[in-house]
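>
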Amino acid sequence: MGNLICNIRNLSSIRNIRKTCLALWAVMLLLPCMTVYAADKTFEDIGVQPDSITVIYTNDIHGGISNEEPYSGSSKSLGLHGVAALRQEAADRTAGVTLVDLGDAIQGSIVCSQSKGEDMIRLMNQAGYDFQIPGNHEFDFGTNRFLELMGKADARYLAVNFKDLRTHSQIMDPYAMVSYDVDGRPFKVAYIGIVTPENISKGVISNFQDDSGNYIYSFYGEDLNRFYQAIQAIQGSIDSARREGADYVVALGHLGDEGITPGWSSVDVIQNTRGIGAFLDGHAHSVLEQRICRDLDGKDVLLSSTGTKLENIGVLTIQGKADGTVAASTHLVNRMTDREMQLEAYKETKQLTDSIQQQYGHLIVKEGTSPYSLYIYAPDTGKRLIRNQETNLGDFITDAFRYGLNADVAFSAGGNIRADLESGDITYLDIMNVLPWDSIIVKLEVTGQQLLDCLEMGSRLWPEQCGGFMQTSGLTYEILTDRESSVVTTEDGLFKRVDGEYRVRNVQVGNEALDLNRTYTLAIDKYYYQSDGDGMTMFKECNALVKPEDRVLDHDLIIKYLSYLGGTVPAEYKDVNGQGRIRLVKEGTVSTEGGAKESMLPYMVRAAACAQLYASLISNTN
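Take any residue in the sequence shown, note its place counting from 1, add 654, and you have its number in this note's numbering.
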């Protein structure tokens, strides 16, 4: 690709310019999306017009309700009081405003776990949400509990692909139509909810089954086939909304753009449907201010996602033109103005936030201290690391599990670890924010082959982030980064087998090579033992030495390990990249360098520039 970059000095003729730019343009047309990256912004910086419609969106809040880090796990959060303020601000400045959430709101912090999601619903009611869709973590307290909370929400829940198989009916409305008054004329926007089918492969499967193990809920078609079964329903809702007079269609998705089971991403939906104007997305925690993707007809669709824990708040502006066309753009707000913090909506929501958080003040009890910060995010860039490489926090947690259960090996999936552990005093509340699920850890007898298959499944998407990427203790391994994954999964995304060479190699348990036929003891979340968590099916028949009913909690194992260490985290955990337990190498090399896929944006920008140059040259020569 780099050889195609336009360099006018090296081109001898207009013909060469033409050929080169056409090649670049062809490459650009094949690329599904072009991304605009986020900048530091307030709502005022967006420059919204009085005759525009504003859609404020959030995703993956995970209980990050304020900038009080002990309670929310993030000091960067704008808080639900910030969301409420932006809603009021938009209402004061534009023709209409709608506030939506894209899932994974009610689990992920002490406020969520202690109230089983109810405090989050109270706060979101206060903030004024109009529409919500369920993410995979809305079901963490069980489907019945979620349906109970849904009944307490002021917002209307939407989902085109969440069905009750017993009644063959949709549990929620697939879409909602909102008519706005814009300068005395109506402008209709349809909002369509789309839920990730990864609820089946990455959630607790029993939440969607009866006592006999039969599925009673589906995020697919009637027969639980692949997500493309739901494409027809999505397209049907788009077409129905258009027939009802929708001037613009907004998809509210909890699908994700990377680290997702192939075929199930927001980009896949865009490319296989027609008629969506903007796709507001969650699940992957991506920070996407604006990505331009093409639908089935080759038309541009806006794709945007805010990240997580309200570190950004999304703003979609929609403006209908006199000629019937629509201008739309997406922005991410990450700062509040003094004016917004004086609004009544801000003050009232913050008052409720503060009162709820005060209920949990008794949990700020010192359990230990650390001279070093333990990370899941890169301290210099803020990039999430723990789902595709080793980190010092992953090392610490798995060491605690292995020590506490006296196991040969311990695993913890990167997706289970949710916040950095900052240097200084460590409280029980800090530990709960890092591990917010109240997870039960079990001790299993497993074979070396099962350990290898688990590591292979967890690394199959590398360099993309994967919630099932395994942090380890008592075991080291390498990932061949230039070898494609040979993992075969079911249509539900569950592990079946490895059909080819493994990407994972040189696995060592202690100082010995992994013996595929030997039995080892493994400390791991019961989610991977009982519920096929993250598609991990290899442990379901294993013998449990420490059983789920023994209720060994992850928090208690961390405290036990801190006590063993004398209350202080030692220097061996100082390095953010860990202790060399997971090495990223290429075939025939010993490189330990990681990294992600190379961004295509520079090439796309150059391609666009070349296309513009070519057009001007042709115009001049004609």
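Glycine is no exception: its CB is placed at the ideal position from the N, C-alpha and C atoms. On a predicted model such as this, the values are computed, not experimentally measured, just so you know.
(1) Does the contact criterion of 3 or more C-beta pairs under 8 Å hold for the segment 1177-1184 versus the segment 1200-1208?
(2) Please name the residue, chosen from P704, D951 and T960, that lies closest to L756 on a Cα-to-Cα basis.
(3) With respect to the alpha helix (DSSP H) encompassing Q996, which residues constitute its N-terminal and C-terminal limits?
(4) Report the rounded CA-to-CA distance for I700 versus T984, giving the unit in angstroms.
(5) Kindly list the residues whose CB is nearer than 6 Å to the CB of G1048, restricted to its own chain and excluding five residues on each side of it in sequence; keep chain order.
(6) Going by beta carbon distance, what residues of the same chain come within less than 6 Å of D705, once the five residues before and after it are set aside?
(7) Going by the CB atoms, is the gap between Y1183 and L1075 shorter than 8 Å?
(8) Could you work out which residue in V1158, S728 and K1214 is closest to L1106 when comparing CA atoms only?
(9) Rounding to the nearest angstrom, what Cα-Cα distance links G1234 and T1003 in this structure?
(10) What residues match up with N798 in a beta bridge as DSSP calls it?
(11) Round the Cβ separation of G907 and D714 to the nearest angstrom and send it over; I've been treating them as touching at under 8 Å.
(12) Starting from the Cα of A976, find the closest Cα among G1036, D949, F841 and L1006 and give me that residue.
(13) Is it the case that the Cβ atoms of I1051 and I1236 are separated by a distance below 8 Å?
(14) So, using beta-carbon positions, are N861 and G796 closer together than 8 Å?
(15) So is E852 buried or exposed if we call it buried at 16+ other beta carbons inside 10 Å?
(16) What is the rounded straight-line gap between the Cα of V956 and the Cα of N1060?
(17) On a CA-only basis, which of N1171, T1191 and G1128 is nearest N1165? Give me that one, please.
(18) Do V1063 and V1163 come within 8 Å of each other at the CB atom, strictly closer than that value?
(19) Taking Cβ to Cβ, would you say G789 is nearer than 8 Å to A1073?
(20) In whole angstroms, what separates the C-alpha of M655 from that of Y869?
(21) Check whether the segment 924-938 and the segment 1134-1154 are in contact - that is, three or more C-beta pairs closer than 8 Å.
(22) Measure the alpha-carbon distance for Y874 versus I859 and round it to whole angstroms.
(23) Give a yes or no on whether the C-beta atoms belonging to S920 and I846 are separated by under 8 Å.
(24) Is the Cβ-Cβ distance between V615 and I710 less than 8 Å?
(25) Taking the Cβ atom as the reference point for each residue, do M1192 and C1120 lie within a distance shorter than 8 Å?
This is what the structure holds:
(1) yes
(2) Here residue 756 corresponds to residue number 102 of the sequence shown, with the count starting at 1. Taking only the C-alpha atoms, the option nearest L756 is T960.
(3) Residue 996 sits at position 342 when you count from the first residue of the sequence shown. Taken as a continuous stretch (DSSP letters only), Q996 belongs to no alpha helix (DSSP H), as it is neither H nor E.
(4) If you number the sequence shown from 1, residue 700 lands on position 46. If you number the sequence shown from 1, residue 984 lands on position 330. Approximately 9 Å, taken between the alpha carbons.
(5) Reading the sequence shown from its first residue, position 394 is the one you call residue 1048. Cβ within range, chain order: I1040 and Q1125.
(6) By 1-based counting over the sequence shown, the position of residue 705 is 51. Only A749, V836 and D837 meet the Cβ criterion.
(7) For the purposes of this step, residue 1075 is taken as the residue at position 421 of the sequence shown. For the purposes of this step, residue 1183 is taken as the residue at position 529 of the sequence shown. No.
(8) Numbered from 1 along the sequence shown, position 452 holds the residue referred to as residue 1106. Among V1158, S728 and K1214, the Cα nearest to that of L1106 is on V1158.
(9) Start at 1 with the first residue of the sequence shown, and residue 1234 comes out as number 580. Start at 1 with the first residue of the sequence shown, and residue 1003 comes out as number 349. Each residue's Cα considered, the two are about 45 Å apart.
(10) As a working mapping, residue 798 is identified with position 144 in the sequence shown. In DSSP, N798 forms no bridge with anything.
(11) Position 253 of the sequence shown holds residue 907. Position 60 of the sequence shown holds residue 714. Taking C-beta atoms under 8 Å as the contact rule, G907 and D714 fail to qualify, at a distance of about 12 Å.
(12) Locating residue 976 in the sequence shown gives position 322, counting from the first residue. When only C-alpha atoms are compared, the closest one is F841.
(13) Locating residue 1051 in the sequence shown gives position 397, counting from the first residue. Locating residue 1236 in the sequence shown gives position 582, counting from the first residue. Cβ atoms of I1051 and I1236: not closer than 8 Å.
(14) Position 207 of the sequence shown, counting from 1, holds the residue named residue 861. Position 142 of the sequence shown, counting from 1, holds the residue named residue 796. Yes, the pair counts as a contact, with Cβ atoms nearer than the cut-off.
(15) Counted from its first residue, the sequence shown places residue 852 at position 198. Label assigned to E852: buried.
(16) Walking along the sequence shown from the start, residue 956 turns up at place 302. Walking along the sequence shown from the start, residue 1060 turns up at place 406. The question names Val, but residue 956 in the sequence shown is Leu. Each residue's alpha carbon lies about 51 Å from the other.
(17) Walking along the sequence shown from the start, residue 1165 turns up at place 511. Measuring from the Cα of N1165, the nearest candidate turns out to be G1128.
(18) For the purposes of this step, residue 1163 is taken as the residue at position 509 of the sequence shown. For the purposes of this step, residue 1063 is taken as the residue at position 409 of the sequence shown. The answer is yes: Cβ separation under 8 Å.
(19) Here residue 789 refers to the residue found at position 135 of the sequence shown. Here residue 1073 refers to the residue found at position 419 of the sequence shown. Not a contact, by the Cβ cut-off of 8 Å.
(20) If you number the sequence shown from 1, residue 655 lands on position 1. If you number the sequence shown from 1, residue 869 lands on position 215. Unreliable placement is indicated for M655, whose pLDDT of 34 sits below 50; the coordinate value is still reported in the next sentence. Near 48 Å, if we compare the C-alpha coordinates of Y869 and M655.
(21) no
(22) Along the sequence shown, one-based indexing puts residue 874 at 220. Along the sequence shown, one-based indexing puts residue 859 at 205. Cα-Cα distance, rounded: 14 Å.
(23) Taking the sequence shown and counting its residues from 1, one reaches residue 920 at position 266. Taking the sequence shown and counting its residues from 1, one reaches residue 846 at position 192. No, the Cβ-Cβ distance between S920 and I846 is not below 8 Å.
(24) Residue 615 lies beyond the stretch modelled for the chain, which goes from 655 to 1276, so this question has no answer here.
(25) By 1-based counting over the sequence shown, the position of residue 1192 is 538. By 1-based counting over the sequence shown, the position of residue 1120 is 466. Contact annotation: M1192 and C1120 have beta-carbon atoms that are not nearer than 8 Å.
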